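> This is the structure I have questions about; it appears just below.
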Amino acid sequence: MDRYKSLAVALEGEVLSEMAGTFFGARKAVEDLREDFNLRVEDLRAQSAKVFARVFFLRSLLLGEEGETAMFAALGLPPQFPAAQSQSGSRTWRPEKLPFAFLPSTRFVKLVLLAYAELRHACEIYTSGEYEDDPLHKGRKRMSLHYKMVESLGRTLNQRVEKLNAEMPASSVLQYARSISTTEAPGQGAIINALDAESLDKGLEFEELDFAALNIWRAPELPDLTQCGQKLRDFASAYYDAHSDKIRRVLAELQEA
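Adding 341 to a residue's 1-based position in the sequence shown gives its number in our numbering.
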């Protein structure tokens with residue numbers, strides 16, 4: 342009889358150990374997912390600098406924020422980068438090679454088109470990603486980190502939190518552990534006796550992520566050059582005529598750099 346009793350105690354201990362592993366393992370998995378999410382958010386914030394580096398180049402061509410605002414107004418759009426002030430530490434991008442043209446006015450128009458296309462492409466990559474070399478697997482490609490990926494990871498995190506809170510509340514796990522306790526293992530369920538189940542669950546449940554509260558910058562969707570190219574040309578040409586002296590100085594500085 343003592344032999345069977347010892348076996349029962351051993352089995353109960355094993356069940357309790359497995360329950361604890363499942364409970365805390367599930368919580369650890371959610372914590373790891375949240376940590377991974379936070380790291381990706383910080384990486385995404387850093388990647389926004391690539392977009393704003395191109396914003397600043399376009400802005401320098403257009404002699405400042407007013408010129409940039411005028412350009413977007415010519416496209417029928419409000420200012421698209423009001424957050425640029427908070428990105429003042431970003432380096433200004435510039436093309437490896439300036440477009441060729443005999444006339445400075447033509448070169449300026451080409452530069453504005455190039456800068457706009459580069460900015461739009463950077464916004465697309467920030468929003469939807471692009472395939473890049475995988476540093477962990479030579480010869481393979483992977484999708485770069487992007488806004489939609491982080492947004493999706495946030496939704497996955499909240500789904501896991503909701504599932505864990507609903508299916509594995511602390512009070513239920515402890516109550517079950519108490520139900521299989523024996524006289525040789527008293528005291529299980531003491532926490533539930535000291536606290537009511539609702540308070541216990543409320544204190545130990547995970548909070549869902551408030552994605553909007555993170556204030557992650559979202560890139561605008563800029564029209565393609567096939568849609569707005571002529572408007573851009575017309576604007577750049579008129580803008581050059583109105584500010585030719587200053588723009589020639591900007592072009593000269595770019596040539597010398």
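Glycine included, every Cβ here is placed at the ideal spot set by N, Cα and C.
Every value quoted in this text rests on a predicted model; they were computed, and no experiment measured them.
1) Closer than 8 Å by C-beta to alanine 600: which residues in its own chain qualify, once you throw out the five before and the five after it? Chain order, please.
2) What residue range does the beta strand (DSSP E) around aspartate 582 cover?
3) Going straight from the alpha carbon of valine 491 to that of aspartate 586, what length do you get?
4) For leucine 498 and leucine 455, what's the separation of their Cα atoms in angstroms?
5) Taking the straight line between their C-alpha atoms, what separation do you get for arginine 481 and serine 446?
6) How far does the alpha helix (DSSP H) with arginine 461 in it extend, from its first residue to its last?
7) When we look at the beta-carbon of glutamine 426 and count the other beta-carbons within 10 Å, is it buried (16 or more) or exposed?
8) On the DSSP bridge list, what partners appear for methionine 484?
9) Can you tell which of Gln421, Arg435, Phe441 and Glu503 has its C-alpha closest to the C-alpha of arginine 368?
10) What's the call for glutamine 500, buried or exposed, on a 16-neighbour Cβ count within 10 Å?
11) Between which two residues does the alpha helix (DSSP H) harbouring glutamate 549 extend?
12) So, is glycine 495 buried or exposed, given that buried needs 16 or more other C-beta atoms within 10 angstroms?
13) Measure the Cβ-Cβ separation of glutamine 428 and phenylalanine 393 and say whether it is below 8 Å.
14) Excluding the 5 residues preceding and the 5 following aspartate 551 in the sequence, name in chain order all residues of the same chain whose CB lies nearer than 6 Å to its CB.
15) Since arginine 381 and tyrosine 488 should fall inside the 8 Å C-beta cutoff, what is the C-beta to C-beta distance between them, to a whole number of angstroms?
16) Nearest CA to the CA of aspartate 474: which residue from Ile466, Phe441 and Arg483?
17) Assign alanine 579 to one of two classes, buried (16 or more other C-beta atoms within 10 Å of its C-beta) or exposed (fewer than that).
18) Assign leucine 399 to buried or exposed, taking buried as 16 or more other Cβ atoms, counted over all protein chains shown, within 10 Å of its Cβ.
19) Please tell me whether leucine 439 and leucine 452 are closer than 8 Å, where the distance is taken between their beta carbons.
20) Short of 6 Å in beta carbon distance, which residues of its chain neighbour glutamate 549, apart from the five on each side in sequence? Order them along the chain.
21) Under the three-state reduction of DSSP, which class applies to glycine 417: helix, strand or coil?
22) Could you check the C-alpha separation between methionine 412 and alanine 507 for me, to the nearest Å?
23) Report the three-state DSSP secondary structure of lysine 479 (helix, strand or coil).
Quick answer:
1) Only positions 342 to 598 of the chain appear in the structure, and residue 600 is not among them; the question remains open.
2) Note, aspartate 582: premise wrong, no beta strand (DSSP E); alpha helix (DSSP H) at 566-583.
3) Going by C-alpha positions, valine 491 is about 45 Å away from aspartate 586.
4) 39 Å
5) 44 Å
6) 445-469
7) Residue environment for glutamine 426: exposed (fewer than 16 other C-beta atoms within 10 angstroms of its C-beta).
8) DSSP lists Tyr472 as partners of methionine 484.
9) Glu503
10) exposed
11) Where glutamate 549 is concerned, there is no enclosing alpha helix (DSSP H), given that its DSSP letter is neither H nor E.
12) With 16 or more other Cβ atoms within 10 Å, it is buried.
13) The answer is yes: Cβ separation under 8 Å.
14) none
15) Contact doesn't hold; Cβ gap of about 10 Å is too wide.
16) Arg483
17) exposed
18) Flag for leucine 399 reads buried.
19) Cβ distance < 8 Å, so leucine 439 and leucine 452 count as in contact.
20) The residues are Asn499 and Val502.
21) In this structure, DSSP gives glycine 417 a state outside helix and strand, which the three-state scheme calls coil.
22) 52 Å
23) coil
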